[in-house]
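Chains as they are written, first to last, in our numbering: chain A, 21 to 269; chain B, 5 to 239. The beta-carbon is built from N, C-alpha and C at its ideal position, and this holds for glycine as well. A quick note: this is a predicted structure, and the numbers were derived from the prediction, not measured.
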Amino acid sequence: MIDPLSLAAAGQVGEDFFKERDASSLCQANDANLFCWDWAKNNIDRYETFFIEHVELVVISVLIGFVAAFALALLAHRWQRLRLPFLLGTGVLYTIPSVAFFFLLLPLTGRGRDTAIIALSVYTLQIIYRNTMLGLDNVPRSSVDAARGMGMTRRQVLRKVELPLALPEIGAGLIIATVSTVAIATLAALAGGGGLGEVIVGSERGLGISFKTNLIIAGGLTIGLAIVFGLLLMGVQRMLTPWRRVKAV
Amino acid sequence: MSAMPLASIEGAIEFIFSPQYSNVTGGKKVGGIDQVIELAWNQLWLTIVALAIALLVALPIGLYLGHRHKWESFATAIGTAGRGIPELILIAFFAAAIGVGFTNVMLALAILGIPPILANAFVGIHQVDRASVDAARGMGMSELEILRRVEVPLAIPTLMGGIRSAAIAVVATATIAPYGGYETLGDFIINENVYGENGVLAGAILVALLAVSLELALAGVQRLLTSPGLKLRPA
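Okay, here's the thing in structure tokens:
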């Protein structure tokens with residue numbers, strides 16, 4: 021690829037030659053530009069749909085994953101025999117790469133957003149399950165005994181003592197799961213699930229996988245989204261647990 | 005509906021073991037066990053090198069900070085923030101800005117491996133019982149000896165947890181290495197026009213098998229590294 025600016029500098033063509041051209045195609049064609057501000061300013065609205073799709077993918081997947089993993093954790097907490105099978109089961113599902121999972125599901129669910137959401141929710145199961153179990157395990161035995169001594173039923177102990185005390189770990193798991201899902205959801209585009217990955221690898225809606233301005237905008241939006249979700253959830257967690265702060269595992 | 009998936013799986017298995025005709029390669033056959041082994045090895049090698057680089061960078065920092073109990077929020081925040089790296093975009097960016105090929109993809113993957121290793125190394129060492137460390141110091145051990153003979157052995161479960169997370173993330177992401185110009189098993193998945201539907205499913209099965217095998221191998225390594233005295237404790 022010939023660098024038009026160096027051509028201009030060498031006097032081979034006038035600078036006007038480039039000013040007359042459409043700024044976007046010139047920038048896309050010019051390998052030397054790391055980031056084209058003009059193009060970005062004129063085209064930023066094209067990212068809106070992809071961004072919204074991405075947010076939807078993340079929110080729906082994490083919600084489904086959270087409800088399922090939380091239910092598994094409560095079951096395993098009540099019947100300890102289920103602990104190991106659940107841990108191993110979610111562990112295997114976590115180990116299978118999301119890209120592979122999309123395409124393993126393809127014969128069953130076809131291309132599209134549903135397939136992406138299933139694979140992404142399955143990915144979050146292990147993270148949320150493990151952290152919820154960790155939180156419940158860390159509840160001091162004495163607190164549970166005191167609650168039982170006060171005449172609370174098993175259910176009341178869970179709801180009023182164990183779950184509130186486990187909130188820091190549960191929150192940490194939810195934060196990690198959400199931040200991870202924001203990043204991995206870029207791969208949903210490979211299975212036809214849309215999102216910010218689509219703007220990179222999409223054959224119809226994409227803006228080019230080697231167009232650096234596009235990569236920087238899409239990457240910036242993804243990382244920004246991960247940060248916003250992370251900080252938002254941290255804020256909620258802090259509000260709900262004023263008495264204690266715990267680090268993620 | 006129910007017969008379709010079964011047929012695809014048979015096709016995928018056939019694709020893995022014997023080369024197939026492709027529509028776009030001009031008569032050249034694709035798939036088959038030779039290509040499967042070649043691409044699987046590419047993916048494994050890429051993973052191993054990226055992990056090794058990530059270990060070289062992350063382990064010393066994590067161990068040092070953990071031993072000195074310094075920068076706790078930095079070390080744990082980096083573990084969470086690292087999960088937000090959109091690797092598809094990073095690989096594509098490295099390819100576009102620096103160039104395609106093994107080294108650039110490997111570096112992008114190493115960046116992905118650093119945060120979990122660093123964070124877990126920190127947490128593992130940081131959480132070691134201070135009494136054990138004081139006892140070791142009282143016995144006249146140097147700081148390096150304390151780290152090597154007391155803290156690291158006690159932190160092995162957490163430390164290895166970080167390495168395993170990194171390995172899972174790196175081997176999974178190595179699947180999309182073809183976007184950076186390096187062929188791995190992901191090539192079967194990404195280039196459906198070359199390998200066909202059976203190739204795509206075969207690729208997905210192979211990638212899943214590779215990831216699960218690597219995880220099992222590392223779980224085995226962790227058992228070997230765990231001191232016999234610690235194995236008695238419930239996990």
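- For the pair of segments examined, the region 73-89 of chain B was found to touch the region 111-130 of chain B: the number of CB pairs separated by less than 8 angstroms reaches three.
- With the criterion set as a beta carbon lying under 8 angstroms from some beta carbon of chain A, the members of the region 60-89 of chain B are Glu76, Thr80, Gly83, Thr84, Ala85, Arg87, Gly88 and Ile89, in sequence order.
- By the CB criterion at 8 angstroms, serine 118/A and alanine 139/A fall inside the cutoff.
- With respect to chain B, the C-beta atom of alanine 60/A has no partner C-beta closer than 8 angstroms.
- The C-beta of phenylalanine 71/A comes no closer than 8 angstroms to any C-beta of chain B.
- Counting other Cβ atoms within 10 Å of its Cβ, proline 119/B reaches 16 or more and is therefore classed as buried.
- Per the C-alpha coordinates, the member of Gly36/B, Arg141/B and Tyr186/B positioned closest to alanine 99/B is Tyr186/B.
- Taking C-alpha positions only, alanine 91/A is separated from alanine 186/A by approximately 15 angstroms.
- Listed along chain B, the residues sitting closer than 8 angstroms to alanine 203/A by beta-carbon distance are Arg87, Gly88, Ile89, Pro90 and Glu91.
- The Cβ atoms of threonine 152/A and glycine 85/A lie no closer than 8 angstroms to each other.
- Using a Cβ distance threshold of 8 angstroms, alanine 178/B and leucine 113/B count as a contacting pair.
- For histidine 73/B, there is no enclosing alpha helix (DSSP H), as DSSP gives it neither H nor E.
- Between valine 211/B and threonine 51/B, the CB-CB gap reaches or exceeds 8 angstroms.
- When Cβ pairs closer than 8 angstroms are counted between the two stretches, the region 159-172 of chain A is seen not to touch the region 234-241 of chain A, the count staying below three.
- Look at threonine 261/A: its C-beta is not under 8 angstroms from any C-beta on chain B.
- Comparing alpha carbon positions, the residue from Leu260/A, Glu189/A and Phe71/A closest to leucine 154/A is Glu189/A.
- With contacts defined by Cβ atoms closer than 8 angstroms, leucine 122/B and alanine 62/B form a contacting pair.
- The region 62-139 of chain B is shown to contain whole alpha helix (DSSP H) runs of 4 or more residues at 76-85, 91-101 and 106-130, in chain order.
- Annotation for asparagine 195/B: no alpha helix (DSSP H) segment contains it, and DSSP assigns it neither H nor E.
- Minimum Cα-Cα distance from arginine 258/A among the listed residues Ala192/A, Leu125/A, Trp59/A and Ser223/A corresponds to Ala192/A.
- Comparing alpha-carbon positions, the option among Gly15/B, Trp49/B and Asn27/B lying closest to leucine 214/B turns out to be Trp49/B.
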